[in-house]
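Here the protein sequences line up with chains A, B and C, keeping their order. Just so we're aligned: the first sequence equals residues 1 to 183 in our numbering. Just so we're aligned: the second sequence equals residues 184 to 356 in our numbering. Just so we're aligned: the third sequence equals residues 357 to 768 in our numbering. C-beta: ideal position from N, C-alpha, C; glycine also.
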Amino acid sequence: MENVSKTKMVEAPEGIAGEGFFATRFDSVIGLARANSLWPLPFATSCCGIEFMATMASHYDLARFGSERVSFSPRQADMLLVMGTISKKMAPILRQVYEQMSEPRWVIAVGACASSGGIFDTYSVLQGIDKVIPVDVYVPGCPPRPEQIVDGVMHLQELVKNESSRRRNSDEYKELLASYNIE
Amino acid sequence: MALDTLEIQNKLQEAFGQKVNHFRTEYGVFVLEAEANSIVEILQFMKEDKTLNFHFLTDLCGVHYPENENSEQFCVVYHLHNWFTNTRIRVKTFISGTQPELPSITSLFESANWMERETYDFYGIIFTGHPNLVRILNMDEMVSFPLRKEFPMEDSGRTDKDDRFFGRTINNC
Amino acid sequence: MSNIVLPAEHRYNKIIQERQNEDGSELAILNLGPTHPATHGIFQNILLMDGERIVEAEPTIGYIHRAFEKIAENRPFYQITPLTDRMNYCSSPINNMAWWMTLEKLLNIEVPKRAQYLRVIVMELARISDHIICNSILGVDTGAYTGFLYVFQYREKIYEIYEEICGARLTTNMGRIGGFERDWSPKAFEKLDAFLEEFPAVWQEFENLFTRNRIFIDRTVNVGAITAEKAMAYGFTGPNLRAAGVDYDVRVAQPYSSYEDFEFDVPVGKSGDTYDRFCVRNAEVWESLKIIRQALEKMPAGSEFTADVPAYHLPPKEDVYQDMEALIYHFKIVMGEVPVPVAEVYHPVEGGNGELGFYLITDGSRTPYRLHFRRPCFIYYQAYPEMIKGSMLSDAIVILSSLNVIAGELDA
């Protein structure tokens, strides 16, 4: 009987399979699990937030990528989706939310305003959130279409799948955080 | 019954004489200029008089005219509306550039509270008698008043944008 | 956890010290926002609570202040439309059209009837999409997630119609001085007809879910009521004011863009509480559907989509490559050297939240001298601390979402 299911199953990582066992590296399995269950923290400030609502709604459904539970508590979220303009008044709060997230954590800057300040080249707007927190994926657009946001999440999934589990303890990572003055 | 601009002008001039002047109609809205110190009495008269009845404050904003003479550098513009006769009116007051102060109208119109705070935040115009005149939109630590003409729009400390690519030079920035 | 360490001389700390309840409990300070799932947009309220009841609230806004008014002083007139998009981003075509109408008032340009009717259709679609968001999110805040997912599908249909007209979904940047940039394709009208056919049944189902729902009524009736006098004193306009019983609608008081040709009612509530605001917005969606149908029926024949003002409206590219005049106009418009008189104009429209006004002062140069936006959200949000005094925390959330405060319009 051929497989009539339309569900696309995730591919198994490289490894040695046998009768009742599958041997692979820890990193691949952990990466696989993390990539397909990224719980987002929607930090929606402005117009991109409305496109995020459209992405979470039934037409573009972000939940099928594992982001079923949207968490507003930083302690329980994996990826921080910063959507919208971050002004200088808001920057300390964004920083605080990022610091409260526990490792592993990733950041997607959705939209032109979060990536680089967007069309608002003014005294009150932070020209890109990478001035205060490290960013993993930038999704350009003003606002980006839901397909683009989903593409950004898929890029992040690739990053997460291939991340070494020793990365967070490495010197490079510590240097990166130190450059932002994050402990 | 419609409210005639001549009637408005006569009533106001009767009550306030020279303190209200420069009456004109611009694009369907009757405009007048009022003296800064008596603005509360003038607006109160316009609100409480039975024929004028301008009971709704539509808008309050400030404008900066650095080219004017010193006593007229800032202008605060009030837009009032009478819903019953569907008449709009614009009242402008000019205040000094070095010491911009004006009595607050929060006692008359509660909606003026935040509008005056915004005008203070942008221009530094002090509204005497305001219950809580602090910055509202900008950061509390800010010392300058950003919407004044001499204040630049862009953040002078930004490092990632090269002004040459934006066509800006020291002459036209 | 929160970074709110109020200074010792803050009045909340004083009130806490002075007031002691009979059972020995103290008042507490709770920080609501700026990042909070139920505040749609970022604004903060520091609440002084007595158990579950709110004693006082202190709002802080400005977390998304993007200095639109300052930017507008540095941009030629065509480049200000993207700014207006991003004010009330749930219904951006209304903001766009309001800006074009302000300029047309300034320049005394007469827009042809057909273009005016097209504008009315787009503005009413935008109003429907704004009210869909407000009412479905009010449902989400009371715990009813189904309505949100169901009607959001129809918001996607509205986005598809916008895409046929101007190419963008959310920040539409639609129109030109004098009308539109191109005529609407037949596909746009097809999609519009399909929407008008399918949506009423959906909206009826959405209403049926909520209006007689016992839980929803318990959560929203007599919650956040405001009297008509208080509402007028606080500068309320739009659905929030109409829920309090005052029938002021800019489309009726000062008709613009041929609204006087259409017959529609202005729904009015009684007590100004959350339930009335919900019902007024529901009824306004029905009225908007009525207006769109009338506009489609009465649409003048032909394909005129803009006024004939070559000095302000970019000429078609074929003419630019062949005609000297068109080339000169194209150059002047792109460089921003359009002839504007030195004048002041104030133009109000009925936005999704109330009277959205643009106060424009020009000085003859290529950028405005001063552009001030009369933003309804900013003005009526002042009443929020008073509306939540004495209510419970969960009521405060419901009141906030029924007010439909859009952060982009609040801070501008």
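Expected contact under 8 Å - CB spacing of residue i and residue j to nearest Å
i, j, result
"Ala581 of chain C", "Val602 of chain C", "14 Å between Cβ atoms; not a contact."
"Asn529 of chain C", "Gly707 of chain C", "17 Å between Cβ atoms; not a contact."
"Gly442 of chain C", "Ser124 of chain A", "Gly is not the amino acid found at residue 442 of chain C; the sequence shown has Arg there. About 14 Å; that fails the 8 Å criterion."
"Phe206 of chain B", "Leu215 of chain B", "5 Å"
"Gly535 of chain C", "Pro468 of chain C", "7 Å"
"Asp539 of chain C", "Ser614 of chain C", "18 Å between Cβ atoms; not a contact."
"Thr836 of chain C", "Gly628 of chain C", "The shown model of chain C, from 357 to 768, leaves out residue 836 of chain C, and the question about it has no answer."
"Val274 of chain B", "Ala217 of chain B", "5 Å"
"Leu330 of chain B", "Lys230 of chain B", "The pair is not a contact, with the Cβ atoms about 28 Å apart (cut-off 8 Å)."
"Thr219 of chain A", "Ile427 of chain C", "Missing from the structure shown is residue 219 of chain A; chain A here goes from 1 to 183 and no further."
"Phe52 of chain A", "Met83 of chain A", "5 Å"
"Ile450 of chain C", "Ala482 of chain C", "5 Å"
"Ala768 of chain C", "Glu425 of chain C", "7 Å"
"Ala763 of chain C", "Ile398 of chain C", "6 Å"
"Leu439 of chain C", "Ser757 of chain C", "Wrong, their Cβ atoms sit about 26 Å apart, outside the cutoff."
Chain-ordered neighbours of residue i on chain B, where CB pairs are closer than 8 Å
i, result
"Lys161 of chain A", "The contacting residues do not exist; Lys161 of chain A stays about 31 Å from chain B at best."
"Gly128 of chain A", "Asp343"
"Gln738 of chain C", "Glu293, Ser294, Asn296, Trp297"
"Ile417 of chain C", "Ile319, Leu320"
"Ile735 of chain C", "Ser294, Trp297, Met298"
"Asp767 of chain C", "Leu320"
Residues that residue i contacts on chain C, provided the C-beta gap is smaller than 8 Å
i, result
"Phe292 of chain B", "Ala589, Gly591"
"Asn269 of chain B", "Ala609, Gln610"
"Glu209 of chain B", "Ala699, Glu700, Val701"
"Ser67 of chain A", "Chain C residues near Ser67 of chain A: none, gap ~15 Å exceeds 8 Å."
"Phe72 of chain A", "Thr391, His392, Pro393"
"His262 of chain B", "Tyr702, Gly713, Tyr715, Arg730"
"Arg347 of chain B", "Within 8 Å Cβ-Cβ: nothing; Arg347 of chain B doesn't reach chain C, min ~18 Å."
Per-residue contacts from residue i into chain C (C-beta, under 9 Å)
i, result
"Ala54 of chain A", "Phe508, Arg511, Glu512, Tyr515, Arg525, Leu526"
"Pro329 of chain B", "Ala423, Lys426"
"Val150 of chain A", "In chain order: nothing, as chain C lies at least about 14 Å away."
"Ala57 of chain A", "Phe504, Leu505, Phe508, Gln509, Arg511, Glu512"
Closer than 9 Å at the beta carbon, the chain A residues around residue i
i, result
"Lys426 of chain C", "Thr122, Tyr123, Ser124"
Neighbouring residues, chain B, relative to residue i (Cβ below 7 Å)
i, result
"Lys89 of chain A", "Met322"
"Tyr615 of chain C", "Those within 7 Å of Tyr615 of chain C in chain B number zero; the least Cβ separation is about 14 Å."
Proximal chain C residues relative to residue i, where beta-carbon distance stays under 7 Å
i, result
"Pro143 of chain A", "Leu526, Thr527"
"Val246 of chain B", "Ile717, Arg726"
Contact set between residue i and chain D, taken where Cβ atoms lie within less than 8 Å
i, result
"Phe687 of chain C", "Among the protein chains of the structure shown, namely A, B and C, there is no chain D."
Chain-ordered chain A contacts of residue i [CB-CB under 8 Å]
i, result
"Glu301 of chain B", "Neighbours of Glu301 of chain B on chain A: none; closest Cβ ~13 Å, over 8 Å."
"Ala550 of chain C", "The premise fails here: Ala550 of chain C is roughly 16 Å from chain A at the closest Cβ pair, so nothing lies under 8 Å."
"Glu337 of chain B", "Asp121, Thr122, Tyr123"
Residue i: contacting residues in chain A (beta-carbon distance under 7 Å)
i, result
"Gly692 of chain C", "Near Gly692 of chain C there are no residues of chain A at all, since even the closest Cβ is about 17 Å away, more than 7 Å."
Of the residues that make up the segment 211 to 242 of chain B, which ones have a beta carbon closer than 7 Å to any beta carbon in chain A?
-> none
Which ranges does the beta strand (DSSP E) cover as unbroken runs of at least 3 residues, wholly within the segment 687 to 761 of chain C, from first to last along the chain?
-> 700 to 706, 711 to 717, 726 to 730
In chain order, what residues of the segment 696 to 714 of chain C put their CB closer than 9 Å to some CB of chain B?
-> Ala699, Glu700, Val701, Tyr702, His703, Pro704, Glu711, Gly713
Touch test, the segment 185 to 195 of chain B against the segment 124 to 132 of chain A, Cβ-Cβ under 8 Å, three pairs minimum | no
Could you run through the segment 501 to 519 of chain C and flag, in chain order, every residue whose CB is less than 9 Å away from some CB of chain A?
-> Phe504, Leu505, Tyr506, Phe508, Gln509, Arg511, Glu512, Tyr515
Pull out every residue of the segment 104 to 133 of chain A whose Cβ sits closer than 7 Å to any Cβ of chain C, in chain order.
-> Ile119, Phe120, Thr122, Tyr123, Ser124, Val125
In chain order, which beta strand (DSSP E) runs of at least 3 residues are fully inside the segment 228 to 307 of chain B?
-> 239 to 247, 257 to 265, 270 to 278, 284 to 286
Return the residues of the segment 312 to 326 of chain B that lie within a Cβ-Cβ distance of less than 7 Å from chain C, sorted by chain order.
-> Ile319, Leu320, Asn321
Kindly provide the ranges of any alpha helix (DSSP H) runs that are 4 or more residues long and lie completely inside the segment 113 to 145 of chain A, ordered along the chain.
-> none
Is there contact here, the segment 738 to 749 of chain C with the segment 449 to 456 of chain C, by at least three beta-carbon pairs under 8 Å?
-> no
What residues in the segment 427 to 457 of chain C bring their beta carbon closer than 7 Å to a beta carbon of chain A?
-> Ile427, Pro438, Arg442, Tyr445, Cys446
Any residues in the segment 480 to 493 of chain C with a beta carbon nearer than 8 Å to a beta carbon of chain A? Which ones, in chain order?
-> Ile489
Is the number of C-beta pairs between the segment 242 to 250 of chain B and the segment 714 to 733 of chain C that are closer than 8 Å three or more?
-> yes
If we count Cβ pairs, one from each stretch, closer than 8 Å, do we get three or more for the segment 632 to 648 of chain C versus the segment 498 to 514 of chain C?
-> no
Enumerated in chain order, which unbroken segments of the beta strand (DSSP E) with a length of 3 residues or greater are wholly contained in the segment 401 to 433 of chain C?
-> 409 to 416
Indicate whether the contact test is met: 3 or more Cβ pairs, each with one atom in the segment 474 to 493 of chain C and one in the segment 513 to 530 of chain C, closer than 8 Å.
-> yes
How do the segment 594 to 601 of chain C and the segment 613 to 624 of chain C stand: do at least 3 beta-carbon pairs fall below 8 Å, yes or no?
-> yes
Curious, which full-length alpha helix (DSSP H) runs of at least 4 residues does the segment 499 to 578 of chain C contain?
-> 501 to 522, 542 to 566, 570 to 576
Give, in chain order, every residue of the segment 400 to 415 of chain C whose Cβ lies closer than 8 Å to some Cβ of chain A.
-> none
Whole runs of the beta strand (DSSP E) within the segment 602 to 657 of chain C, excluding any shorter than 3 residues = none
Stretch-stretch touch, CB-based, cutoff 8 Å, three pairs: the segment 431 to 439 of chain C with the segment 404 to 416 of chain C = no
Touching or not, the segment 102 to 112 of chain A and the segment 134 to 145 of chain A, by the rule of three or more beta carbon pairs under 8 Å?
-> yes
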